Amino acid sequence: YCQGQLPWQQQQEPAPSQPVEASRETLLDRYQQHTQHCRSCGIALNRIQKLQMGSLVTAGVLGVIIALLPDAYRLEWGIPLAGMILLSGCAWAWLRYWLEPQFKFVDYVHADR
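Structural data, given as structure tokens:
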């Protein structure tokens, strides 16, 4: 972004003012500070979001397949397919509630570590 140089000459002396109070969300916001600028992290976040959509579509398609199965095959094929729906839902939840937030905001309390 700086063509290999630090832009010190562009920095102006800050005017004396009162300190700015920033919230924890602002200070620890990984998305604004890193993810949106880093190509690798942006690609990874995009893939995570696509995997979330894929897991939901997979669960939906499998649910429709179970609903359309004839009664003779519903027990034989329905239970394994229902298990796959459950695994797909677990994958979606893991991607949504654990992995995706790692690229956006993670609260950090130093005393807890």
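Numbering of the sequence shown is given in this note's numbering, commencing with residue 480 and proceeding in unit increments. Yeah, the Cβ is synthetic: ideal placement off N, Cα and C, and Gly gets one too. In this text the structure is predicted, and so the values were computed from the model without any measurement.
Restricting to Cα atoms, I'd like to know which of the options is closest to residue i.
i    : options                : result
M532 : R592, R503, L574       : L574
L535 : H513, C569, L547, V588 : C569
E579 : Q528, V540, I522       : Q528
F582 : E555, Q511, E500       : Q511
V543 : A572, Y576, I564       : I564
L530 : H516, E500, W571, H589 : W571
How many whole angstroms separate the CB atoms of residue i and residue j, which I take to be in contact at a CB cut-off of 8 angstroms?
i    : j    : result
R509 : V585 : 7 angstroms
S567 : A538 : 4 angstroms
Taking a contact to mean a Cβ-Cβ separation below 7 angstroms, would you say residue i touches residue j in this structure?
i    : j    : result
T594 : L506 : Outside the modelled stretch of the chain, which goes from 480 to 592, sits residue 594, for which no answer is possible.
G557 : I545 : yes
L560 : L541 : yes
What first and last residue would you give for the alpha helix (DSSP H) that runs through residue i?
i    : result
P514 : Before going on, a small fix: residue 514 reads as Thr here, not Pro. No alpha helix (DSSP H) holds T514; DSSP gives it neither H nor E.
R518 : 518-547
P559 : 550-573
Name, in chain order, the residues that DSSP records as bridge partners for residue i.
i    : result
D508 : F584
Quick one: is residue i near chain C, going by C-beta distance under 7 angstroms?
i    : result
A570 : Among the chains of the structure shown, chain C does not appear; only one protein chain is present.
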